[in-house]
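Structure first, then comments.
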Amino acid sequence: MTASSRPDANQNNSPRGKSLENDLKQLLYDKRFFDIKLRCSDEVVINACKAILSNRCNVFNNLIFDECGKINNDIKFYEINSTAMNILLEFLYTSKVEKERLTVENVVEVYYAAIYFELDVFQERIIEFIKQSLEERDEDLGKKLLSQFVEKFSTDADNEMAQVLVDWVAKIKLVPIDDSLSLFGLKYLLCKTFRVRKPFATTEFSIWEYAMNKVKRIVIKTNSTMQNYPFNMDYEPNVIQEIKDHLKPLLPYLDLCRMESNEIADYVEPLDIFPTQKLLDTYRRMSQQSQSQSQGSRNLEANELACIRGIPIFRWMLQSDDTSINISKDGFKLEVNQLQNSVKFRTGDIIFKGSGLYEWDIVIKKLSKIIYIGICSIDEDVNKNEIDYHGYCGWVLGSDGYVYHKKDWKWYDARFKESDIVTVHLDMTKKSCSFSVNGIRRPNVSEWTNISSEVRPVVSIRQSGKLHVQPHI
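Going by the numbering used here, the final residue of the sequence shown carries number 477, and the count climbs one at a time with no gaps.
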């Protein structure tokens, strides 16, 4: 072990025999048992005990004792640094790691070492640490760790840490701001979620906008007005070419069919970066979908032209001036203050438009009076509706089993109560909507023939009500 990682004198002088863990830990620092040198990637040399390493780890055993019977007392590791090695040795000696040793700064390096040495139990503990850290810290941590992971493991790696980080970042709406997700991290995210049924929070066009913003920050190295004008390309030819070169690795993992035709024409095609044939194929598929829709049929998969990949997930939108509604840190849980008696509206941070089938679940954690769940136009003024007599807006299902829109309502035979799960089934191709309660689906509401071309999820809820949105899997 290195000098900086040695315990204090009191720990070294503690009586032997009281704790096997403590006694074994002392061997980490007792020079009398050092008989092997571990040379780490950062040029730090760590001394250890061959007997413990070879008995606790098959990989170490094979490195120390080769097939010819030769004993290796000096081993070089080109990809494992001393921080990761020290933590790994502590686990090998004691089966534990002190809580403060494993941090978000070193966890990727430590996980790499745990995989290299095939320590499955240690890997599981690291994954639990990552999950807990993601829950406790801000959402940028997931982007930072995913970027570090790709840098350490490469874009071809696929393991449990990758799955945890991809699933976590996929549920974060990507907006064009400066964050910790590297371009390689973004490519890895898009690759692992491309045509895969995973919960995802960002529309395809917003991904393109996010990528443009990120690349321009890298190339131009400025934050001024970047967020407001991510598609401005008024630069020198060499700068434009550099922007294109950075974008090209992302292109295979972007699905143009999930964008609107006007978005492609205005913000994608002018850059002259996608192959002409791919653009033509996209327009052709959109034309086929439009013709099928006008003929009352559907030739393409319901989700093939949806504006968002995978399974849509969203968070409740915050309003800084409204303290009557509590929204959880992850944005998925919503609860109305017990002292708030008036109807409160809240919308999701996603817009559904164009074509495609979209489904999401609302879990009724606590029901107080009637709750309405459904969709509303993006132009709906929910603040105005808070004083509206009806107490709902848009196209909604009430917990009383009726469906409502403006002044119209009808019996839908779909009451719901606490602990029930309400699923919204929105078909933007047909502009229709239906609901399920605990998996029992009711028909489309035939009277709803005027659903807007752009809508977002909405709920209206009263005093003490509590809801939780989750992906419909």
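From the three backbone atoms N, C-alpha and C, an ideal C-beta is built for every residue, glycine too.
DSSP places glutamate 339 within a strand segment (E or B) once states are collapsed to three.
Around the beta carbon of glutamate 94, 16 or more other beta carbons sit within 10 angstroms, so the residue counts as buried. The C-beta distance from glycine 443 to leucine 371 rounds to 19 Å, too long to fall under 8 Å, and the pair is not in contact. In the three-state DSSP reduction, valine 459 falls in the strand class (E or B).
If you draw a straight line from the Cα of glutamine 136 to the Cα of leucine 258, it comes to about 31 Å. Taking the CA atoms as reference points, threonine 286 sits about 25 Å from proline 180.
Excluding its 5 nearest sequence neighbours in each direction, serine 359 has C-beta neighbours in its own chain below 7 Å: Gln293, Leu309, Ala310, Met432 and Thr433, listed in chain order.
Runs of the beta strand (DSSP E) lying entirely within the region 376–458, each at least 3 residues long, are 376–381, 399–402, 406–409, 412–415, 425–431 and 436–441 in chain order. For glutamate 94, the secondary structure class from DSSP, reduced to helix, strand or coil, is helix.
Distance from the CA atom of serine 438 to the CA atom of glycine 335, rounded to whole angstroms, is 25 Å. With the rule of 3 Cβ pairs closer than 8 Å, the region 31–48 counts as touching the region 81–94. The region 346–359 makes no contact with the region 232–240: fewer than 3 CB pairs, one atom from each, lie closer than 8 Å. With respect to the C-alpha of tyrosine 116, the residue from Trp364, Leu149, Lys435 and Ile176 having the closest C-alpha is Leu149. Nearest Cα to asparagine 454 within the set His409, Pro475, Ile465 and Val463: His409. Annotated three-state conformation of glutamine 467 is coil, per DSSP.
Distance between alanine 161 and valine 154, taken at the CA atoms: about 8 Å. Annotation: valine 386 to cysteine 397 spans about 7 Å, alpha carbon to alpha carbon. In the three-state reduction of the DSSP assignment, isoleucine 130 falls in the helix class.
Judged by their CB atoms, leucine 401 and isoleucine 377 are nearer to each other than the 9 Å cut-off.
In chain order, Leu57 and Ser58 place their CB closer than 6 Å to the CB of phenylalanine 64, counting only its own chain and leaving out the 5 sequence neighbours on each side. The region 193–232 contains, as complete alpha helix (DSSP H) runs of 4+ residues, the segments 208–224 (chain order).
DSSP lists Arg43 as the beta-bridge partner residues of valine 49. For threonine 159, the closest of Pro253, Val173, Gly405 and Gly146 by C-alpha to C-alpha distance is Pro253. Per DSSP, the continuous beta strand (DSSP E) segment holding tyrosine 362 begins and ends at 361–370. Secondary structure of valine 108 (DSSP, three-state): coil. Annotation for phenylalanine 278: no beta strand (DSSP E) segment contains it, and DSSP assigns it neither H nor E.
For phenylalanine 37, no beta strand (DSSP E) segment is defined, and its DSSP state is neither H nor E.
Judged by DSSP secondary structure, isoleucine 56 falls outside any beta strand (DSSP E) and instead within the alpha helix (DSSP H) spanning 54–60. By the neighbour-count criterion, in which 16 or more other beta carbons inside 10 Å mark a residue as buried, arginine 445 falls on the exposed side. Put simply, the backbone Cα of threonine 206 is about 43 Å away from that of cysteine 61. In the DSSP assignment, aspartate 144 falls within the alpha helix (DSSP H) that extends over 144–157. Pairing valine 112 with methionine 165 gives a Cβ-Cβ distance under 9 Å. If you check the CB distance, lysine 218 and leucine 193 do not come in under 9 Å. Contact between proline 203 and isoleucine 317 is confirmed by a C-beta separation of about 4 Å, below the 8 Å threshold.
Ranked by Cα distance from leucine 145, the first of Phe126, Asn110, Glu128 and Ile119 is Asn110. Arginine 288 is classed as exposed because its beta carbon has fewer than 16 other beta carbons within 10 Å across all chains shown.
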